[in-house]
Amino acid sequence: MRILTLNTHAWIEENQLEKIEQLAHFINEHDFDVIALQEVNQSMQEEALPASEMNYFHEAEENTLIKADNYAYVLRKQLHTEYYWTYIPVHVGFAKYDEGLAILSKTPIKEAFGAYVSDMRDYANFRTRKLLGIKTEVSGKDTWFVNGHYNWWHDEEEPFEPQWKYSLAVMDKYVHSLPAFIMGDFNNAAHIEGEGYSLVTGSGWHDCYDLATQKDDGFTVVKAIAGWEDNKQKLRIDYVFSNQNIPVQSSKVVLNGKGSPVVSDHFGIAVEI
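Just so we're aligned, residue 20 is where the sequence shown starts under our numbering, counting upward by one.
Laid out in structure tokens, this is it:
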């Protein structure tokens, strides 16, 4: 099984259409089973897609409108595999977009949810956060894949710690005893002890990077970006975690200009189980 997670920085990138083509080519080449995308934007004023375009879409929240320029939809149109997919808007992004989360799956989505993990529920405030999860079948076994984009440990209004506690409650409700993976942009660096990364790994979730037989340095942010404006070091803030201590073949940074193009301000993480 191959998993990809990427914060797409959707529609904010220069040469965005070219970068979508590059990402589609990368996905086609590597044949991922599950793809988790964060910062998936669509223009708030864009027309909604007709029902005829939604055959493979699985609704995680009622009455979700998918606009014609939804990043995940535009990307999916260029993929060779007819991925099943879902999307939820989370908050307003960059003053003009519905910014949200998307998951694409090669196998049919049996169940999906969207759930708040922030106390804040103000759609206009970027600190409002949700999780998106799907249940699908992998090697004959039902498995959950959960996608998140969290706030920072020291955020004054919506810090990471209570958001993670909400996340555990949400996953306890849906996942139960099934295998599960949670992935995405956690905005908490692995090298800082006693903060978000320690909280996640201390609550029973295993970093697939640590479990992997083959791995690289794991860094997905190597410069100053939005939310890390003063950053001057390499950071590992994008992850794939498993609720089970499983053998992992590899965990590699991708879409980083080393054998694959840079398509976002984050690099991606590809995990092979």
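For each residue, glycine too, the CB sits at the ideal point set by N, CA and C. Only a predicted model underlies this, so the values are computations on that prediction, with no experimental measurement involved.
Query: Going along the chain, which unbroken runs of the alpha helix (DSSP H) with 4 or more residues stay wholly within the stretch 146-211?; Result: 179-193
Query: In three-state terms, what does DSSP make of arginine 21?; Result: strand
Query: Let's see if you can read the secondary structure: which residues bound the alpha helix (DSSP H) around serine 217?; Result: 215-220
Query: If we call anything under 8 angstroms between Cβ atoms a contact, is glutamate 58 one with histidine 168?; Result: yes
Query: Could you spell out the range, first to last residue, of the beta strand (DSSP E) harbouring phenylalanine 260?; Result: 257-261
Query: Report yes if the C-beta distance between leucine 209 and serine 269 is below 8 angstroms; otherwise report no.; Result: The question names leucine, yet the displayed sequence has alanine at residue 209. No, they are not a contact pair.
Query: Answer with buried or exposed for proline 108, where buried requires no fewer than 16 other C-beta atoms within 10 angstroms of its C-beta.; Result: buried
Query: Could you name each continuous beta strand (DSSP E) segment of 3 residues or more that falls completely within the stretch 83-148, going from the start of the chain to the end?; Result: 103-112, 116-124, 128-135
Query: If you follow the alpha helix (DSSP H) that glutamate 37 is in, where does it begin and where does it stop?; Result: 35-49
Query: From the DSSP output, read off the bridge partner residues of lysine 234.; Result: Ser270
Query: Mapping DSSP to helix, strand and coil, what is aspartate 226?; Result: strand
Query: Keeping to the same chain, check which residues put their C-beta closer than 8 angstroms to that of glutamate 40; ignore five residues upstream and five downstream.; Result: Gln97
Query: Taking DSSP's pairing of strands, which residues face alanine 55 in a bridge?; Result: Thr24, Ile122
Query: Assuming leucine 123 contacts tryptophan 163 (C-beta within less than 8 angstroms), just tell me the rounded distance between them.; Result: Not quite, the Cβ-Cβ distance comes to about 15 angstroms (not below 8 angstroms), so this is no contact.
Query: Would you say aspartate 138 and glutamate 175 are within 8 angstroms of each other, going by their C-beta atoms?; Result: no
Query: Give the DSSP-derived three-state secondary structure of alanine 70 in the structure shown.; Result: helix
Query: Suppose the cutoff is 6 angstroms on Cβ atoms and the five residues either side in sequence are ignored; what does the same chain contact list for valine 273 look like?; Result: Ser279, Gly287, Ala289
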